[in-house]
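Undergrad:
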Amino acid sequence: IGKEKFHKSQHWGYCNNVAMLVGEDKPGIGGEPLPGQKLKPKYSVFPEGMGSVAPAWVAFDKQVLSFDAYFEEEVPDKNQELYRIRHCKIYFYLEDDTIQVIEPQVKNSGITQGTIVRRQRIPLPPPHEDQFYTIDHFNINMEVILYARRYKIIDCDQFTKNFLRKMGVRLNPPASRPDDPYTKERQKMLDSMKPLRPYERIDTLKQFLEHNGHVLRFFCVWDDPESMFHDPRELVLHYYLSDDTIDIKEITPVNSGRDAVPLFLRRDKLPKYAPTGLYQPGTITSRTVLNVFGKLVGNRGRYILDNRKTGAVHQEFYRDSDLKIGAVINVWGRKIILCDCDEFTKEYYRTKYGIEDFTPVPYKAPPPPKPEKTFPPYTGFGSEEDSLCSCMGLLPKPPQKDFKKFMEKDRCGMESNVLRFLAKLVTDSPIDKDRKFIISYFLSDDTISVFEHIQRNTGIRGGKFLERGRIKKPGQELFKSEPSEYFKAQDLFVGARVCFHGHNFLLVDADEYTFNYMEKHANEFSVADIGVILKKLKDLAEPRSREIRQVFAATDPEHTKVIEYDPFRNLILSITDEAFSEHEIMTLRRCYGVRDEYEMDLHFLLAVAQEQLKKNSFENFEQLSAVLTYNDREKCGVLPHEMCRTICKSFKLPVADDDLQALLTMFEDDHKQVEYKKFVDGLNWRENQIPAFQTIKVPLKNEDNWSRQPPSLPVKGIKYLPLLDDLFGKEE
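The sequence shown: position 617 = 617 (UniProt numbering), numbered continuously.
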């Protein structure tokens, strides 16, 4: 017998021409079974053509068979039960043939329930413990042994039934589910302890969950008749929708003399006042209990619930339907009027009850008008703003500056936010007539400074003429209560006459930045708004449109459609009877003017720039090229014009701004992008010096000189036909 068992489990084989014992599970050549050999599958075998050709762990991912089962457990230590029926779920995972057993939780069972067998592959019971459970071992109305515990499978879900039918398994009929005798006996005991007629149930959980945190707020008033002055008391009523309770808080005015208490009425249900008076404690209860036998039987009472509530006192409480604007509620003998409510309360009543009228009840007398605060006149010491702050309170504070305006209009990069005008004195003195002044208006703080242009051999020193500061307009009383008026940016324009501390100035010109800034902010400066100017001119000249066309045509005898600026200016002044300012005429010139198109020799510009760089010993060309290359994120060899200008300014190139602008323009491509490598190579006087212009001496412009400012392009003439078309329409 031993030899038979030995040969049954083992057989001889050869490996490298050496005979050795080989297990019977080893297949033959090519994996084919040997004659008479039966191979045992290690995993579940599914029929061919069922599902996809993917492996099982992919095809059956997240697919689980669920079986309903139970097992019997012996209880040796209790007389009430000999065994216990425990119901459970058996899950079979198709992807890897693992099994999991879970027992559902039962309330008050006293047993540790949950996972009985963790998910794993479970071996078959002996003598086949070398094999594992597969899909073929499961069916309805059968028993399986998992780790020496016998489980009876009674049913499964619909997915499991369909899957087993597709596998070709013939399903057994479902088995009945046995009851646990001890659980059944205990349920009878619990049912016998319950009364035949159930107690009255008062459930407020639903109302709490739906309206927790929802509070209606009403503004109330109580006219206290016992107060000394019969003044109304302002209250705030809160109605809590979660439990229909009410609390009231009092709004204590400042310096009222009353004690500040936390609550006027503590949160509770507010009963409607009963005419018979207040009830004693215990009179009102939620249930009525009857004593059936008293204490006659065994000195013990027996009570039952009275469903008819004989002798019960019914008391009504205020609900949300009783509260509305204008209603009078009785708060323990105090008549309180509901005068107004908040927006949430209005929306609640509008949605639930369809109320649309929420007109508040006036209960306050209109406040008396505040007396106008008068200030004493200015004393002359310090600034007016500083003197005014000393009248605002006992502790004087320094005047507050407009910090937001300062941050918006302060110098930032190439934006100076300074308007500069060229002015001259309005005087009959032959010495002062030729004096030139530069008036600078700082937009950040509305201050003005005046510098005089230095002219040789005039006997006048020049330089700073007026310290930077705010300047009052002339003709105002010095010692007065009202704040003085100061010059604003709108008061300064070409052609304006201003008086600074007794000196009369006539503004005759402005720099290019000033013109551009005023035209950019035309809504603030009407003299630079071309739309306002055209409308004003149209109102004055429309009745004489034909005559004006003839006058302009007569000024252009050669029909070039362009006239000089001086004749154009004289025509505008004659048409408007000198009602136009010089700045408005210059705005028309800038809009309809023909500018000179000039070309500058690139070599000459480079020679001038190299000469200036050489004099100032500027040699940081490699660093300049590295910074330009770093800012070229796309590595295309070009950068925007303004970016190149900003980088050059950061290196403090000793080149005039107008010359730098012209140089950058010369190195622009067709897309208005600067080829910065050629630009740097052209400036490099060390490697690419231009010898033809080494001896040229170019007079450089002074930074602080008015003539240093880049002038506007010279206007050749005025295109009057587009102007006439904009004024009177195109002529047929």
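All residues carry an ideal CB built from backbone N, CA and C; glycine is no exception.
These numbers were taken from a predicted model, which means no experiment stands behind them.
Would DSSP call R456 helix, strand or coil?
TA: R456: coil per DSSP, three-state reduction.
Undergrad: Helix, strand or coil for K409, going by three-state DSSP, please let me know.
TA: helix
Undergrad: The beta strand (DSSP E) that contains T374, what's its start and end?
TA: T374 -> no beta strand (DSSP E), and no H or E assigned at all.
Undergrad: Could you give the residue range of the beta strand (DSSP E) that holds N688?
TA: Where N688 is concerned, there is no enclosing beta strand (DSSP E), given that its DSSP letter is neither H nor E.
Undergrad: Going straight from the alpha carbon of D357 to that of V236, what length do you get?
TA: So the two alpha carbons sit approximately 20 Å from each other.
Undergrad: Would you tell me roughly how many angstroms separate the C-alpha atoms of H671 and D577, rounded to the nearest one?
TA: Answer to the nearest angstrom: the Cα atoms are 47 Å apart.
Undergrad: Taking all protein chains shown into account, decide if E584 is buried (16 or more other Cβ within 10 angstroms of its Cβ) or exposed.
TA: buried
Undergrad: I'd like the ranges of any alpha helix (DSSP H) spanning at least 4 consecutive residues and lying wholly in the region 562 to 593.
TA: 565 to 575 and 582 to 592
Undergrad: Is the beta carbon of M99 less than 8 Å from the beta carbon of Q120?
TA: At residue 99 the sequence reads Ile, which differs from the Met that was named. Cβ distance < 8 Å, so I99 and Q120 count as in contact.
Undergrad: Roughly how many angstroms separate the alpha carbons of R170 and M142, rounded to a whole number?
TA: Approximately 13 Å, taken between the alpha carbons.
Undergrad: Taking the DSSP output, what are the residues bridged to A510?
TA: According to DSSP, which records beta bridges pairwise, A510 is partnered with F421.
Undergrad: Could you pull out every unbroken beta strand (DSSP E) segment of at least 3 residues lying fully inside the region 311 to 358, listed in chain order?
TA: 328 to 331 and 334 to 341
Undergrad: Assuming F403 contacts L388 under a Cβ cut-off of 8 Å, what Cβ separation, rounded to an integer in Å, is found between them?
TA: 19 Å between Cβ atoms; not a contact.
Undergrad: Helix or strand or just coil, what does DSSP make of L237?
TA: Looking at L237 - three-state DSSP - the assignment turns out to be strand.
Undergrad: From the DSSP output, in three-state form, read off P181 for me.
TA: helix
Undergrad: Here's a check: name, in chain order, each residue in its chain whose Cβ is nearer than 7 Å to the Cβ of P396, leaving out the five neighbours to either side.
TA: C389 and S390
Undergrad: Note down the Cα distance separating D340 from P232, rounded to an integer number of angstroms.
TA: 15 Å
Undergrad: Rounded to whole angstroms, what is the Cα-Cα separation between Q280 and R177?
TA: 58 Å
Undergrad: Considering Cα atoms alone, identify which of L537, N570 and L683 is closest to D726.
TA: L537
Undergrad: Can you list, in chain order, the residues of its chain with a C-beta nearer than 7 Å to that of Y83? Leave out the 5 residues immediately preceding and following it.
TA: E72, E73, E74 and V75
Undergrad: If you run the structure through DSSP and keep just helix, strand and coil, what is L388?
TA: helix
Undergrad: If you measure between the beta carbons of F493 and A423, is that distance less than 8 Å?
TA: no
Undergrad: Please determine, among I329, S617 and I102, the residue with the shortest C-alpha to C-alpha distance to R686.
TA: Closest in C-alpha terms to R686, from the list I329, S617 and I102, comes S617.
Undergrad: Between K614, R633 and A554, which has its C-alpha nearest P654's C-alpha?
TA: Ranking K614, R633 and A554 by Cα distance to P654 puts K614 first.
Undergrad: Helix, strand or coil for T288, going by three-state DSSP, please let me know.
TA: coil
Undergrad: In its own chain, which residues sit with a C-beta less than 6 Å from the C-beta of D306, not counting the 5 before and 5 after it?
TA: T288 and L290
Undergrad: Give me, in chain order, the residues of the same chain whose beta-carbon lies closer than 6 Å to that of S440; leave out the 5 immediate sequence neighbours on both sides.
TA: V418, R420 and S449
Undergrad: Please classify D511 as buried or exposed, where buried requires at least 16 neighbouring CB atoms within 10 angstroms.
TA: buried
Undergrad: Are A217 and D247 closer than 8 Å when you measure CB to CB?
TA: One point to set straight first is that residue 217 is Arg, not Ala, in the sequence displayed. Cβ distance not < 8 Å, so R217 and D247 don't count as in contact.
Undergrad: Taking one C-beta from the region 155 to 171 and one from the region 64 to 71 each time, how about it: are there three or more such pairs within less than 8 Å?
TA: yes
Undergrad: With DSSP collapsed to three states, give me the class of E547.
TA: helix
Undergrad: DSSP on L683, reduced to helix/strand/coil?
TA: helix
Undergrad: Short of 6 Å in beta carbon distance, which residues of its chain neighbour P711, apart from the five on each side in sequence? Order them along the chain.
TA: Low local confidence applies: a pLDDT of 42 at P711 is under 50, so the model's placement there is unreliable, with the coordinate-based value given in what follows. Cβ neighbours of P711 beyond the five flanking positions: none.
Undergrad: By the DSSP assignment, the alpha helix (DSSP H) with D539 in it spans what residues?
TA: I530 to A541
Undergrad: Near A260, which residues of its chain fall below 8 Å by C-beta distance, leaving aside the five closest residues on each side in sequence?
TA: Excluding residues within five positions, the ones whose Cβ falls inside 8 Å are T252.
Undergrad: Would you list the residues sitting across from Q100 in a DSSP beta bridge?
TA: Y91
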